[in-house]
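Below is one structure, written out as structure tokens; the observations come after it.
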Amino acid sequence: MKRDNWIAFIPFYLLTMILFIGIARGGSRAVTALAQTRAVSRENCIIIDPGHGGEDGGATSCTGVLESQINLEISLRLNDLMNLLGYDTIMIRTTDTAIYTKGETLAAKKASDLQERVRIVNETENGLLISIHQNTFSDSRYGGAQVFYAGTAGSAQLAAQLQALLSETVNPGSVRQSKSADSIYLMQNIQRTGILVECGFLSNPEEEARLRDAEYQKKLCCVIAAAASQFLSNA
Numbered sequence: 721m722k723r724d725n726w727i728a729f730i731p732f733y734l735l736t737m738i739l740f741i742g743i744a745r746g747g748s749r750a751v752t753a754l755a756q757t758r759a760v761s762r763e764n765c766i767i768i769d770p771g772h773g774g775e776d777g778g779a780t781s782c783t784g785v786l787e788s789q790i791n792l793e794i795s796l797r798l799n800d801l802m803n804l805l806g807y808d809t810i811m812i813r814t815t816d817t818a819i820y821t822k823g824e825t826l827a828a829k830k831a832s833d834l835q836e837r838v839r840i841v842n843e844t845e846n847g848l849l850i851s852i853h854q855n856t857f858s859d860s861r862y863g864g865a866q867v868f869y870a871g872t873a874g875s876a877q878l879a880a881q882l883q884a885l886l887s888e889t890v891n892p893g894s895v896r897q898s899k900s901a902d903s904i905y906l907m908q909n910i911q912r913t914g915i916l917v918e919c920g921f922l923s924n925p926e927e928e929a930r931l932r933d934a935e936y937q938k939k940l941c942c943v944i945a946a947a948a949s950q951f952l953s954n955a
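Residues 721 to 955 (the working numbering) are what the sequence shown spells out, left to right.
Given below as structure tokens:
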């Protein structure tokens with residue numbers, strides 16, 4: 721898609737975001753009446769995966785906040801926004817829990833959890849996966865969102881479109897590029913179009929503060945929803 725088309729596409733989603741996404745309350749779901757209204761019906765089902773959860777908190781931010789909590793807050797906002805845009809959605813988790821079905825050790829539970837996520841994605845007809853994560857690195861200077869993609873049809877295209885839009889709106893000047901998720905179990909094993917969004921670096925103090933901020937989370941969700949909806953409209 722041409723850059724000018726992306727820029728023209730943003731105002732509607734910004735307005736939608738302002739009208740409807742509520743302030744997060746301690747990570748709990750905040751849904752307005754507008755989120756319950758479905759003006760249109762879409763063919764695709766959006767599978768939203770808040771990474772980690774339960775015993776697996778993921779990375780820990782520079783202020784001690786677990787990645788799993790931030791993933792969930794962003795995912796709940798994205799879920800409500802995609803519903804408002806007319807899409808059926810499936811949330812992999814809606815609370816701070818894992819979804820494993822077996823396992824005695826933490827490693828076994830993590831393996832079962834990932835297998836369950838893959839199963840849900842693959843059993844969803846016309847499904848499109850958006851997995852939400854946060855990044856971290858030993859050097860706190862690094863920041864910016866990055867999108868990884870599965871090897872399935874359409875995944876690389878969606879990731880490239882979202883990466884470009886993130887760089888234009890959320891992380892101006894970022895030179896990050898979308899990448900193949902070669903070593904990520906979930907992305908290697910799904911059979912649907914899928915992307916994994918590393919929304920930012922929890923090791924960067926300034927970015928970590930933004931990632932915990934309700935308004936910044938709204939902006940991220942708006943951009944992700946814009947890219948997904950435009951991709952599906954052109955599919």
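C-beta atoms are modelled at their ideal positions from N, C-alpha and C, and glycine is treated no differently.
Residue i - DSSP class collapsed to helix/strand/coil
| i | result |
| --- | --- |
| P770 | strand |
| V917 | strand |
| F951 | helix |
| T817 | coil |
| I812 | coil |
| K938 | helix |
| T752 | Confidence at T752 is low in this model, with a pLDDT of 41, below 50, so the placement of that residue is unreliable and no value is reported for it. |
Backbone CA spacing between residue i and residue j [nearest angstrom]
| i | j | result |
| --- | --- | --- |
| D833 | P892 | 35 Å |
| L931 | T856 | 12 Å |
| H853 | L916 | 7 Å |
| L906 | R837 | 7 Å |
| A880 | V867 | 8 Å |
| E888 | A827 | 39 Å |
| D902 | Y820 | 23 Å |
| E926 | I790 | 15 Å |
Beta-carbon proximity of residue i to residue j, cut-off 8 Å
| i | j | result |
| --- | --- | --- |
| L848 | A947 | no |
| N924 | Y862 | yes |
| G773 | A818 | yes |
| L922 | E793 | no |
| R896 | T844 | no |
| V943 | L886 | yes |
| L801 | A945 | yes |
| N799 | T809 | yes |
| Q937 | R797 | yes |
Limits of the beta strand (DSSP E) - the one that residue i falls within
| i | result |
| --- | --- |
| S851 | 847-855 |
| Q908 | No beta strand (DSSP E) holds Q908; the alpha helix (DSSP H) holding it covers 905-909. |
| Q866 | 866-869 |
Residue range of the unbroken alpha helix (DSSP H) whose run includes residue i
| i | result |
| --- | --- |
| V841 | 826-842 |
| Q881 | 875-889 |
| P925 | 925-931 |
| R797 | 787-804 |
Exposed unless 16 or more other CB atoms sit within 10 angstroms - verdict on residue i
| i | result |
| --- | --- |
| I743 | A caution first: I743 carries a pLDDT of 34, below 50, which makes its placement in the model too unreliable to give a value. |
| S858 | exposed |
| K822 | exposed |
| S795 | buried |
| A870 | buried |
| A779 | buried |
Cβ-heavy atom distance, residue i to the ligand ADP, below 7 Å
| i | result |
| --- | --- |
| Y869 | Looking for the ligand ADP in the displayed structure turns up nothing, as the structure carries no ligands at all. |
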